[in-house]
Structure formats: C-alpha cells, structure tokens
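Data block below; observations after.
Here it is in structure tokens:
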C-alpha cells in the first residue's frame, strides 16, 4: 500500500515499493490531505498494474491523462507510466501547424479557424490527453448551436473533420491513447453535388458578362478544373495547340508523386473561347484568366459571389457546391463516352473518388433505359460492345480450358481451337456485334463451338 508522509503544511510525500521492491516516492504540494489520499490511491493502482501486468483501471487512466507536465514527469521518474511528451492543446496545435509545410495558404487559412474554435472552447491550458470523447461531443454541440455565424451543416462538418485530423496526428505520435473525435458523426452527403444539363449550362454561359467570365465558367463546366486553384496559374504557354492538350497544375495533389501536373484535351467547348481570348490578349500576356486576380491568385470569394449573380440572371436555379457540381457534371458526361481510367486521368482523381463523390445518374439515363431516347455514341477508347461481349468470351475461354484439362478437344484439333479463340478475340477487338444484338452466353456442345 502507498503511504503518505506529511512534510509541511500542504506538502506530502507518497511512498510505495515498486516491482523491484525498491522504495519510491512522489512528492505533492499545495494540496489537501484528502487530495493527497486520492493521488495515493491512483499511484497504488498504477503500481499494482505494473507489478501484475494487468490493465490500469479506467478512473486512474483518466486521471493520468488529465495531469500536467510536472506531475507527469514525477510519475515517469518512478516508473509508473511510460515516458512521453505532455502537450497542452494549443501547444500541440501550434507545433502541428508548423509541421504542415505541404499546406497551401488557402488550406492553412481554413484550418486556422477550426484550430481557433478548439482553443477557445477548451482553453489554452487544457491538456491534450485530457480531452475525452464526451468533450468532443460537447464541442460538436457548441459549434452547431452556440457559435454565431455558423449555420451551414457543411461548415459544422468541416470543423469536426479538421479536429479529427489534428487529434489523429497526435494519436500517430503516441501522444494520446485514442482520438476523441473518432466517433463524432458528421452529416453524410451535405449539399450533395448536382448535375447541370447542357441546356442550363448554355444559359449560364450566355449570361456571363464578358469573355473572361465565359472562360472561367467553361473551364469549370467543360474543363472539369478545380476552381480556383487549378485556374490560378494557367498560362498561355500551358495551351499546347499542336498537341490538342492543356497542361494543368494541381496544388491539391502536388504532394503525391506524379500528381502535380496532368493534361486535359482542348475540348470542343473550350477551343472557340480560347481562340477568341488569345486574339484579344495583349502582347506578352502571361495568364489566360486576367480578371478578378488578387495578386498572383484569383479572388475565390469574389468568384463565387459573382458567379452566383450570373446564375441568377440566367434564370437557372442555383445548385449546391457551385464549382464541384460543375466538375462532377463533366466527369459524369465523359464517363458515358470514355473509359474510367481516361476520364480520371483528365480530371485528376481516382475511380474510387469519382464513384463516391462525382458520378451522378442523369435523366437521360432513365430515358435511354426506357427506350424513350437513343444512347449517345461511344467515343474511341470507350466501353462499348466489347465490354458487353466479355461474359460470352469468358465462357468460351472457360470451355476451352475445361476441355484442355480433360485432354479432350471435343473433336477439334489444337490448331482449330487456337483459330476459334483468335477469331473470338478479333471480333471483340473490332466491336463486331450482330444487328440482332448480343446472343446470351450459353454452354457449348461437347463437339465444339
């Protein structure tokens, strides 16, 4: 059992024998005898767990997390807890933000607001490890209901997501035992992306007051660019007319190997606007988009505000996630004409992200499926008849393999088997489909194909 010695008024020495049977002592000061007894009880639990190798009681574990730097160092010195640096919340966040040299200025500014809300709610002296899942729930309710100026569910989710990111970094550094924000729920699909039809897109384009605004809208709607980050640095040197390509630099993905740049086609919707803009550009012009620039970058807030006014004048109803919805619309369109890996290479995302956040089911998909409209012709390199014939091909191959393994070629020579398989592959490659449609896959007779 841990014993308590009174050293002076408000000063105590808590002694115990460790697992090596050595006497150890932890001094506490400026406290009451009642508090000293409570501390002694926790020290006894820690010592018993160290001797037996059993888990520390939850109450004692929570007490350790709430300790300040001085007391933590004392417990580390006598071997009751493992050595690790103890941070206050603000101290850790400051250090973490300094370490994130990969953040762009815009990202840093957005994350700063979440950091400030955390520090203001918990206080500058709050120990990082002392924040519990219950405290995280309290913060969520505070952000959602008590902070003036925060009305959007998406904004609330953003602050919770940022907090989860910060505490996950602390968890990976083994500064805390769990992420208190891990199970704080955010609202899924808040402001889900919308699909903008070709007709509505044309209305918005015609409502743009100048060529510069038409270019901004066109790059978002038909170029699929992230606005404003990927439009910021677009120069005339990036327009590769002879290759029918545009070089796009992506600040968001540049930290990933091979993802700093990508090429998109000079889409048919972009070409006439770019040609007109090139004719009007003064000699020596560097940037394609010269309007609405704030220093070296486009003014994001003004872009969104002004585009909202343009949409209102066009007569088209506003849609959620202004620029992301335009990017989503373009990806959905292109997916109906080109293979997924081609579209993702152009838009700079992955198939997983595209299917989760971008691709939409359109009204024309229902019309085609019901026979009320004809499907758009597939472009070169797109998923067409070959993909539909694949089950048939695979069944034929499976039959060949089964026959070969049994050593019975069904009355055919090996040469005939090879010729038949080559013929099937050729038909698939050339998209040769009978006018009557694709015949359902069926098992082959034992005599062959």
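Residue numbers (the numbering used here): 277 to 725. Don't be surprised by glycine CBs; every beta carbon is placed ideally from N, CA and C.
Short Cβ contact (8 Å threshold) for residue 565 with residue 491: In contact: residue 565 and residue 491 (Cβ atoms closer than 8 Å).
Integer Cβ distance of residue 634 from residue 608, believed to fall under 8 Å: Confirmed, Cβ separation roughly 7 Å.
Cutoff 8 Å; reference residue 322; Cβ partners in own chain excluding five residues on either side: The residues are 332, 336, 340, 351, 356 and 357.
Close beta carbons around residue 282, own chain, < 7 Å, minus the five adjacent residues each side: Closer than 7 Å at Cβ, skipping near neighbours: 288.
Selection from 540, 306, 463 and 326 that minimises the alpha carbon distance to residue 292: Per the Cα distances, 326.
Boundaries of the beta strand (DSSP E) in which residue 289 is found, first to last residue: For residue 289, the enclosing beta strand (DSSP E) has its first and last residue at 287-293.
Three-state secondary structure (DSSP) of residue 352: Helix, per DSSP.
Which of helix, strand or coil DSSP assigns to residue 347: Three-state DSSP puts residue 347 in a helix.
Bounding residues of the beta strand (DSSP E) (the contiguous stretch that carries residue 449): That residue, residue 449, is in no beta strand (DSSP E); it is neither H nor E in DSSP.
At least 3 beta-carbon pairs within less than 8 Å: the stretch 626-641 vs the stretch 523-540: Segments in contact, no.
Nearest residue (CA-CA) to residue 474, options 359, 645 and 497: Nearest to residue 474 by C-alpha distance, out of 359, 645 and 497, is 497.
Collapsed DSSP secondary structure at residue 531 in the structure displayed: Residue 531: coil per DSSP, three-state reduction.
Where the alpha helix (DSSP H) through residue 606 begins and ends: Element bounds for residue 606: 598-611.
Whole-angstrom distance between residue 407 and residue 302, CA atom to CA atom: Looking at the two C-alpha atoms, the distance is approximately 25 Å.
Under the three-state DSSP convention, the category residue 470 falls into: Three-state result, residue 470: coil.
Residue 633: first and last residue of the uninterrupted alpha helix (DSSP H) it sits in: Segment: none, residue 633 is in no alpha helix (DSSP H) and carries neither H nor E.
Among 520, 604 and 531, nearest to residue 596 - alpha-carbon criterion: Its Cα nearest to that of residue 596, the residue 604 stands out among 520, 604 and 531.
Close Cβ partners of residue 394 (< 8 Å) along its chain, the five nearest in sequence each way excluded: Cβ neighbours of residue 394 beyond the five flanking positions: 365, 369, 415, 439 and 442.
Nearest-angstrom Cβ-Cβ length linking residue 472 and residue 602, presumed shorter than 8 Å: Going by Cβ atoms, the distance from residue 472 to residue 602 rounds to 6 Å, so yes, they are a contact pair.
C-alpha distance - residue 429 paired with residue 386, whole-angstrom precision: When rounded, the separation of the alpha-carbon atoms in residue 429 and residue 386 is 16 Å.
Inter-stretch contact at 8 Å, needing at least 3 Cβ pairs: the stretch 499-506 / the stretch 521-529: The stretch 499-506 is in contact with the stretch 521-529.
Span of the beta strand (DSSP E), counted from its first residue to its last, around residue 284: Looking at the DSSP string, the run of the beta strand (DSSP E) that includes residue 284 is 279-284.
C-beta atoms of residue 484 and residue 495 nearer than 8 Å: No, these two residues do not count as a Cβ contact at 8 Å.
Spatial neighbours of residue 450 in its chain, beta-carbon cut-off 8 Å, leaving aside the 5 residues before and after: The residues are 360.
Helix, strand or coil at residue 426 according to DSSP, with G and I counted as helix: DSSP places residue 426 in coil when its eight states are reduced to three.
Residue 418 Cβ short of 7 Å to the ligand HEM heavy atom set: This structure simply doesn't include the ligand HEM, nor any ligand for that matter.
DSSP beta-bridge partners of residue 456: In the DSSP assignment, residue 456 forms no beta bridge with any residue.
Integer-rounded CB distance, given that residue 457 should sit under 8 Å from residue 426: In fact, because the Cβ distance is near 17 Å, the residues do not count as touching under 8 Å.
Which of helix, strand or coil DSSP assigns to residue 565: The answer is coil: DSSP assigns residue 565 none of H, G, I, E or B.
Inter-residue Cα distance where the pair is residue 294 and residue 316: Each residue's Cα considered, the two are about 14 Å apart.
Given residue 389 as reference, the closest of 444, 373, 627 and 463 once Cα atoms are compared: The shortest Cα separation from residue 389 among 444, 373, 627 and 463 belongs to 373.
Limits of the alpha helix (DSSP H) - the one that residue 391 falls within: Under the DSSP assignment, residue 391 falls in the alpha helix (DSSP H) whose first and last residues are 381-398.
Environment of residue 489 [buried if 16+ CB atoms lie within 10 Å]: With 16 or more other Cβ atoms within 10 Å, it is buried.
Contacting residues, own chain, Cβ-Cβ under 6 Å from residue 405 (five flanking each side not counted): 341 and 452.
C-alpha gap between residue 613 and residue 651, whole angstroms: Between residue 613 and residue 651, the alpha-carbon positions lie close to 10 Å from each other.
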